[in-house]
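Structure record follows, encoded as structure tokens.
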Amino acid sequence: MKGDAVPVPATLRRVLEECGPSVVAFSGGVDSTVLLAACLRVLGAEAVIAVTARDAIHAGVDEEEAALVAAALGVRRRIVIPGMLDVEEFVRNESDRCYVCRQRLNAMLWEVAAEEGASSVLDGANTDDLADFRPGLRAAAEAGVRSPLAEAGMGKSEIRRLAQRWGLQNWDRPSAPCLATRIPYGIKISESDLLRIEQAEALLRGLGFSSVRVRHHGTLARVEVTAGRIPELVDERVRRTVVEALVDLGWIYVTVDMAGLRSGSLNRLLGHGSAGVSGDDCAS
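Here the working numbering = 1-based position in the sequence shown + 721.
If you want it as structure tokens, here you go:
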């Protein structure tokens, strides 16, 4: 394994040894990848299984990334299908949306753990996540899911540095919360809206904007890129390409958020604003 000369941080090692054979909720993001790599180093491949959720709320490119990373790490991986669009409490898209989703996912993770003889279910939440509005973390705690990175006191920047030192292929991958986080609370979630959000963001990534969100506000699409790249986005050629594409996808109005990309920007409607960049767990 790449980066074998770089040890697992001692505190994290102690937490993982305490966890024993584990199921790891694996999205393919940096946080869950570092957790998975650490588990393999501490527990061994025979005691670790990665579980990825396949669902309409996740972009196809994210599952592809998860498959590639898992293969590179040499870990066994299973797929679960939560079917969140069949869950009315989720589709209503109220402020407990992420809680409802994680409850369903956690139950599936524990089912896999029982089948595989694992004693723990782990997720990639970190200390930065604890300061944000994350109903999913409450659901995880209630279900007995552990967050070893957070327990070891590790934040996003430390995790990303460790990913780079270990030579993990996705160490610089931008965070990619689920597509439902692009839809303001109170607007029902539909498969068609998720699909066009996914297509719009894929277009923007193809234009070189690796960190991007397309927020769905009914007839209006609000595009967020990092603040320093806004001038590139409003360049006449790029602007015209983006507007034409998003109008073709069904929006009437296309706007750029001049504040730039912000994790949790839709949570400001609930009084839970966030200025950071989200981790693997749901954040907008």
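All C-beta atoms, glycine included, are put in the ideal place defined by N, C-alpha and C. Because the structure is a prediction, the values reported are computed rather than measured.
- When DSSP states are grouped into helix, strand and coil, A942 belongs to the strand group.
- The alpha-carbon separation between R934 and T947 amounts to approximately 10 Å.
- A distance below 8 Å between beta-carbons, with the five flanking residues on each side excluded, links L851 to the following residues of its chain, in chain order: L858 and A871.
- Scanning the stretch 845-892 from its first residue to its last, no whole beta strand (DSSP E) run of 3-plus residues comes out.
- Inter-segment contact for the stretch 836-845 and the stretch 865-885 is present: three or more beta-carbon pairs are separated by less than 8 Å.
- Boundaries of the beta strand (DSSP E) harbouring S841: S841 to L843, taken from the DSSP string.
- Boundaries around S743 are those of the beta strand (DSSP E), S743 to A746, since no alpha helix (DSSP H) includes it.
- For a cut-off of 8 Å, the C-beta gap from T754 to V790 is around 6 Å, short enough to register as a contact.
- Sixteen is the threshold: when 16 or more other Cβ atoms of the shown chains lie within 10 Å of the Cβ of G749, as they do, the residue is buried.
- Residue pairing for H937: DSSP places it in a beta bridge opposite A942.
- Rounded to the nearest angstrom, the gap between the Cα atoms of I918 and D978 is 16 Å.
- Contact between the stretch 755-772 and the stretch 897-904 is absent, with fewer than three C-beta pairs closer than 8 Å.
- Contact check between the stretch 816-828 and the stretch 955-969: fewer than three CB pairs, one atom from each, fall below 8 Å, which does not count as touching.
- Approximately 7 Å separates the beta-carbon atoms of V833 and V801; this is inside 8 Å, confirming the contact.
- Taken in chain order, the complete beta strand (DSSP E) segments of 3 residues or longer contained in the stretch 946-980 are 974-977.
- Within the same chain, and ignoring the five residues on either side of A787 in sequence, the residues whose Cβ sits closer than 7 Å to its Cβ are F747, S748, G749 and T773.
- For A788, the enclosing alpha helix (DSSP H) starts and ends at G781 to L794.
- When the Cα atoms are used, L794 and R881 turn out to be separated by approximately 17 Å.
- Here DSSP, grouped into helix, strand and coil, assigns V801 to strand.
- Contact check for T962 and L928: beta-carbon distance about 7 Å, within the 8 Å limit, so the pair qualifies.
- Annotated three-state conformation of A774 is strand, per DSSP.
- In the assembly as shown, E767 is an exposed residue. Its beta-carbon has fewer than 16 other beta-carbons within 10 Å.
- Beyond the five residues adjoining it in sequence on each side, A884 comes within less than 6 Å, by CB distance, of V751, V755 and W892 in the same chain, given in chain order.
- Comparing alpha-carbon positions, the option among A901, N814 and L830 lying closest to S743 turns out to be L830.
- Y974 and L941 have their C-alpha atoms spaced approximately 5 Å apart.
- Taking each of A873, A966, V729 and K877 in turn and checking the Cα distance to D853, the smallest one comes out for K877.
- Annotation: A901 to V944 spans about 15 Å, alpha carbon to alpha carbon.
- C-alpha of D849 to C-alpha of S984: approximately 12 Å in a straight line.
- The DSSP-derived three-state label of V727 is coil.
- Under DSSP, the beta-bridge partners assigned to V769 are S743.
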